[in-house]
Structures are given as C-alpha cells and as structure tokens.
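**Q** Provided herewith is a single structure, encoded as structure tokens, for subsequent inquiry.
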Amino acid sequence: MYFSMIKHNKPLIGITTDYENNNKSYSKYPWFALRENYVKSLEKLGANCVILPLSNNIMNLKLLDGLVITGGNFDIDPKYFGQKIKSKKIKLKSKRTIFELKLIKKFIALNKPILGICGGAQLINVFQKGTLIQDIKSYLNHEQKNPRNETSHEIQIIKNSYISMIYKKKIGKVNSAHHQAVNKLGKDLELSAKSKDGIIEAFYHKKHPYCVGVQWHPEFLITKLDINLIKDFVKNATFNIK
Numbered sequence: 357m358y359f360s361m362i363k364h365n366k367p368l369i370g371i372t373t374d375y376e377n378n379n380k381s382y383s384k385y386p387w388f389a390l391r392e393n394y395v396k397s398l399e400k401l402g403a404n405c406v407i408l409p410l411s412n413n414i415m416n417l418k419l420l421d422g423l424v425i426t427g428g429n430f431d432i433d434p435k436y437f438g439q440k441i442k443s444k445k446i447k448l449k450s451k452r453t454i455f456e457l458k459l460i461k462k463f464i465a466l467n468k469p470i471l472g473i474c475g476g477a478q479l480i481n482v483f484q485k486g487t488l489i490q491d492i493k494s495y496l497n498h499e500q501k502n503p504r505n506e507t508s509h510e511i512q513i514i515k516n517s518y519i520s521m522i523y524k525k526k527i528g529k530v531n532s533a534h535h536q537a538v539n540k541l542g543k544d545l546e547l548s549a550k551s552k553d554g555i556i557e558a559f560y561h562k563k564h565p566y567c568v569g570v571q572w573h574p575e576f577l578i579t580k581l582d583i584n585l586i587k588d589f590v591k592n593a594t595f596n597i598k
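For the sequence shown, the working numbering puts the final residue at 598, and the numbers step up evenly by one.
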C-alpha cells in the first residue's frame with residue numbers, strides 16, 4: 357500500500373467516518389461524512405490523518421499509529437448489549453457499527469492508542485461488554501441548546517483518573533451533543549469523569565496502553581481540557597512511529 361512507502365515523523369491517525377444512504381442533502385447516492393474539525397484538531401496538535409470510510413476490506417492497521425472512532429447521526433443496536441430497542445428515537449447504521457467493532461478489535465490487539473468520541477466512546481464501552489442508556493431525554497434534560505462550539509455543562513473529574521492526569525483540576529467544562537450515553541461501564545474500563553446529573557463523561561481502559569472514551573466533542577478545541585486530551589492522544593500515538 358502507498359502509505360507503507362512513506363516515512364513519517366508525525367503519527368498517522370485513522371479517523372472513522374459516518375455513512376449516509378437516506379440523507380439526500382449532498383447526493384442522492386450513499387456517501388460518507390466527517391466534520392473537518394476532527395482532522396484539523398489532530399493536525400494542529402501534531403498528527404497526520406487518514407480518513408477510513410466504511411469498507412468490507414480493512415486496511416493494514418499496522419500502518420496507523422492511532423485510531424479515532426468518531427460520533428455520528430446514528431445509534432448502536434441495543435442487541436450488542438443484550439437489550440431490545442426501547443425508544444422510537446433509535447436510528448441504526450448496522451454496517452458502520454460492524455465495521456467499527458472490527459477496527460476496535462484489531463486495534464486492541466495491536467496495543468495502539470484508541471480515542472472514542474461521543475458515539476465512539478459508547479461503542480468502545482459496548483465492545484467491552486458494557487451497556488448504554490438508550491435515550492437520555494426520556495428522563496433527563498442533558499442536551500445543550502447553545503452552539504456545539506461552546507461549552508454547556510461541567511464535569512466532575514475523578515481523582516487519580518486519566519483525565520485528572522492530563523488536566524489538573526477537579527472540574528472541567530464540556531459541550532454536549534448526544535441522546536445516548538454509557539450506562540454500565542464495560543470490563544476493564546475505569547470512570548474518569550461524570551456530569552453533575554450522573555452521566556458518564558469519560559473513561560479509560562485499565563489494561564490497554566491507551567484506550568480512552570469521552571462523551572463530549574474535544575475536537576472543537578474549546579478549552580484547555582480539550583487541547584490537553586487531543587495533544588496527549590497524539591503524543592501516545594507518536595510512540596508507535598517506526
């Protein structure tokens with residue numbers, strides 16, 4: 357593959373994309389989608405990026421130094437955590453979920469850094485046999501009304517957790533764009549931050565060198581916490597450069 361011929365001094369990060377086959381705003385045919393700030397934030401903080409569209413053929417992941425599982429306009433099928441669909445708001449993209457579960461499995465085995473953002477964090481939790489809240493709005497008002505490039509609520513950072521190591525404060529401020537969230541944490545996952553209303557906002561894998569999930573969107577780089585998080589992910593990915 358072409359990438360294998362390139363010697364790089366910056367970590368090469370794979371970023372997953374969303375998939376649309378019903379939304380005709382761009383094309384009447386199926387298309388992939390990725391917000392620019394996922395790429396720009398990583399580039400700004402020292403990485404190069406490879407966009408990973410949904411495919412039956414997964415590239416040689418040994419070429420990548422890190423993986424970002426992004427959010428998107430969809431939900432994870434509750435069958436993956438032993439439940440039936442309980443909400444009319446559930447929107448499935450089964451092909452994307454299957455593809456990203458395969459990516460996580462392979463990257464876990466490679467011991468390379470994984471960062472799950474929003475739906476990506478939820479998928480890591482499900483992969484580790486955790487469960488999800490299918491619809492937060494059915495019992496809790498958590499979603500922000502102001503623009504996504506602004507913070508909306510505080511998170512409480514757990515002492516001695518991953519987030520506390522990269523951000524030396526007890527409280528952080530984050531944005532919020534999700535109707536699902538982590539319920540029961542999966543095997544080997546440790547709580548790192550939660551909101552005042554009890555929503556799990558961040559976790560990390562206790563046995564993997566770097567596997568982190570955050571419920572908010574740090575790629576907007578709104579706060580020092582966001583910058584520190586992306587920067588630390590890039591730093592850990594740098595260790596894999598050959």
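Beta carbons are placed, not taken as given, at the ideal position from N, Cα and C, and that holds for glycine.
From what residue to what residue does the alpha helix (DSSP H) around phenylalanine 483 run?
**A** Secondary structure note for phenylalanine 483: its alpha helix (DSSP H) is the uninterrupted segment 475-483.
**Q** Determine the closest residue to phenylalanine 595 out of Ile555, Gly402, Ile454, Arg504, with distance taken between C-alpha atoms.
**A** Gly402
**Q** Need the endpoints of the alpha helix (DSSP H) that glutamate 399 sits in, please.
**A** 392-400
**Q** Taking DSSP's pairing of strands, which residues face glutamine 571 in a bridge?
**A** Bridge partners of glutamine 571: none, in fact.
**Q** When the Cα atoms are used, what is the spatial distance from tyrosine 358 to lysine 524?
**A** For tyrosine 358, the predicted structure reports a pLDDT of 47, less than 50, and the residue's modelled location is therefore unreliable. A value from the coordinates is still provided. Near 41 Å, if we compare the C-alpha coordinates of lysine 524 and tyrosine 358.
**Q** Would you kindly work out how many angstroms separate the C-alpha atoms of serine 508 and lysine 529, rounded to a whole number?
**A** Distance between the alpha carbons of serine 508 and lysine 529: 7 Å.
**Q** Once you ignore the five residues that flank lysine 543 on each side, which residues in its own chain have a CB closer than 8 Å to its CB?
**A** Gln484, Lys485, Gly486
**Q** Only counting the same chain, and skipping five residues up and downstream in sequence, which positions put a Cβ closer than 6 Å to that of leucine 420?
**A** Leu368, Gly370
**Q** From the DSSP output, in three-state form, read off isoleucine 578 for me.
**A** Residue state, collapsed to three classes: coil.
**Q** As a quick exercise: from Lys563, Ala558, Ala593, pick the residue whose alpha carbon is nearest that of leucine 581.
**A** Ala558
**Q** Excluding the 5 residues preceding and the 5 following glutamate 575 in the sequence, name in chain order all residues of the same chain whose CB lies nearer than 6 Å to its CB.
**A** Asn393, Tyr394, Ser397
**Q** Determine the burial state of glutamine 439: buried for a count of at least 16 other Cβ atoms within 10 Å of its Cβ, exposed for fewer.
**A** exposed
**Q** Apart from the five residues just before and just after isoleucine 460, which ones in its own chain have a Cβ nearer than 6 Å to its Cβ?
**A** Apart from the 5 residues on each side of it in sequence, isoleucine 460 sits with its Cβ closer than 6 Å to the Cβ of Phe483 in its chain, given in chain order.
**Q** Identify, in the order they occur along the chain, each residue of the same chain with its Cβ nearer than 7 Å to the Cβ of aspartate 431, setting aside the five sequence neighbours on each side.
**A** Ile446, Lys447, Leu448, Gln536
**Q** Between the beta-carbon of isoleucine 511 and the beta-carbon of alanine 477, is there less than 7 Å?
**A** no
**Q** List, from N- to C-terminal side, the beta strand (DSSP E) runs of 3 residues or more that fit wholly inside the segment 405-430.
**A** 422-425
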